[in-house]
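Chemist: Supplied in structure tokens, the structure appears directly below.
Number of protein chains: 2
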Amino acid sequence: MSEEEKVLAANQRFYLALEAMDLEGMDAVWLHEDWVACLHPGWELLLGWEFIRDSWQRIFENTRRMKVAVSEITVRVEGSSAWVNCVEQVTSSFETGFSTAWVQATNLFVKRGEGWLLVHHHASPLPRGDEDETVQ
Amino acid sequence: MSEEEKVLAANQRFYLALEAMDLEGMDAVWLHEDWVACLHPGWELLLGWEFIRDSWQRIFENTRRMKVAVSEITVRVEGSSAWVNCVEQVTSSFETGFSTAWVQATNLFVKRGEGWLLVHHHASPLPRGDEDETVQ
């Protein structure tokens, strides 16, 4: 397995954890340091694993079901760092309805031992047809 | 000068080129490869230096003056890669008026020789008071 393939596998585990709303999956995917960073679409930047984990917990608690389709994936490995660009189509169901959003993501990983761990997730809304469409 | 300081200096050169709308400054700051990436707020992802350079040229041609204040800067160096988180407050003047926007940026650099070059710029709108304020 090449390093690129390992990074893409780590990226896929992140989206599996997201779609399954699996907090323990998130625990396994992220590096637990106070300098890791996460920007959810429309939020302020979160710095540090503690705050990032708390944000996923709150998102999962407030969502009934989540469907994530990932496309337009590129990967670049540079030594012990690697980053993935991809487009997420996220459909979320809530108590009150559902929403679909197109999101451009930058996911940055670092190598620790033989594994690649997520250290930076920057997600921002894309200007595509059905973004922010909400049906109630 | 530590590697962190060198990366922060490279980050500052990027914003000086942006504020001066200096395309040659952009040439000097970016790595010229077909895998470098740039996401302007509200755009689709641009892949490859040729398209990225063209986008800066178009932005500079369509802007009369640009003022950029950079704050909330963090930096992380990991071998020959490094990334900066920062907030940009961008005020742009056009023929028809001006706009102010708050933007969260991820800037990713790689080390080539003794220099750090920009390979990834992800900028997305922040939900702050005067974003998208336009006076005409």
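Heads up: the protein sequence lines correspond to chains A and B, in order.
Each residue of the first sequence is one higher than the last, beginning at 1 in my numbering.
Each residue of the second sequence is one higher than the last, beginning at 1001 in my numbering.
Even glycine gets a Cβ: it sits at the ideal position worked out from N, Cα and C.
1. Can you find at least 3 beta carbon pairs, one from the segment 58-65 of chain A and one from the segment 30-37 of chain A, that sit closer than 8 Å?
2. Counting contacts by CB-CB distance shorter than 8 Å, is A/Val135 in contact with chain B?
3. Restricting to Cα atoms, I'd like to know which of B/Leu1039, B/Glu1019 and B/Met1021 is closest to A/Asn85.
4. Output the residue ranges of the beta strand (DSSP E) runs that lie fully inside the segment 1031-1107 of chain B and measure 3 residues or longer, sorted by chain position.
5. Checking 8 Å against the spacing of the C-beta atoms, do B/Leu1047 and A/Thr100 come in under that value?
6. Could you please give the first and the last residue of the uninterrupted alpha helix (DSSP H) stretch that includes A/Leu18?
7. Do you know offhand how far B/Ile1052's Cα is from B/Asp1022's?
8. Which residues, taken in chain order from the segment 1076-1099 of chain B, show a beta carbon closer than 9 Å to some beta carbon of chain A?
9. Hey, out of B/Val1110, B/Phe1060 and B/Glu1003, whose CA is closest to B/Gly1025's CA?
10. In angstroms, rounded to a whole number, what distance separates the CA positions of B/Leu1108 and B/Val1119?
11. Give me, in chain order, the residues of the same chain whose beta-carbon lies closer than 6 Å to that of B/Glu1003; leave out the 5 immediate sequence neighbours on both sides.
12. Which residue comes first and which comes last in the beta strand (DSSP E) that contains A/Leu126?
13. With a threshold of 8 Å between beta-carbons, can A/Trp116 be considered close to chain B, or not?
14. Using only the alpha-carbon positions, how far apart do B/Val1103 and B/Tyr1015 sit?
15. At a CB-CB cut-off below 8 Å, which residues of chain A make contact with B/Thr1063?
16. My guess is that B/Val1110 and B/Ser1081 are in contact by the Cβ rule of under 8 Å, so how many angstroms apart are they, rounded?
17. Quick one: which chain A residues come within Cβ less than 7 Å of B/Gln1104?
18. Just verifying my parser: in three-state terms, what is the DSSP assignment at B/Gly1025?
19. Under 9 Å between beta-carbons, which chain B residues line up against A/Ser71? List them in chain order, please.
20. Leaving out five residues on either side along the sequence, give the residues of the same chain with a beta carbon under 8 Å from the beta carbon of B/Ala1010.
21. Would B/Ser1093 be called buried (16 or more neighbouring beta carbons within 10 Å of its own) or exposed?
22. Output yes if chain B places a C-beta closer than 8 Å to the C-beta of A/Trp35; else output no.
23. Rounded to a whole number of angstroms, what is the C-alpha to C-alpha distance between B/Gly1097 and A/Pro41?
Modeler: Reading it off the structure:
1. no
2. A caution first: A/Val135 carries a pLDDT of 49, below 50, which makes its placement in the model unreliable, though a value can still be read off. Answer no: the Cβ-Cβ gap between A/Val135 and chain B never drops below 8 Å.
3. B/Leu1039
4. 1037-1039, 1065-1078 and 1081-1094
5. no
6. Glu3 to Ala20
7. 14 Å
8. Arg1076, Glu1078, Gly1079, Ser1080, Ser1081, Ala1082, Trp1083, Asn1085 and Val1087
9. B/Phe1060
10. 6 Å
11. Val1077
12. Note, A/Leu126: premise wrong, no beta strand (DSSP E); not H, not E.
13. no
14. 13 Å
15. In chain order: nothing, as chain A lies at least about 20 Å away.
16. 6 Å
17. Leu39 and Leu45
18. helix
19. Those do not exist, as A/Ser71 stays about 12 Å from chain B at its closest Cβ, beyond 9 Å.
20. Val1029, Phe1109, Gly1115, Trp1116, Leu1117 and Leu1118
21. exposed
22. yes
23. 28 Å
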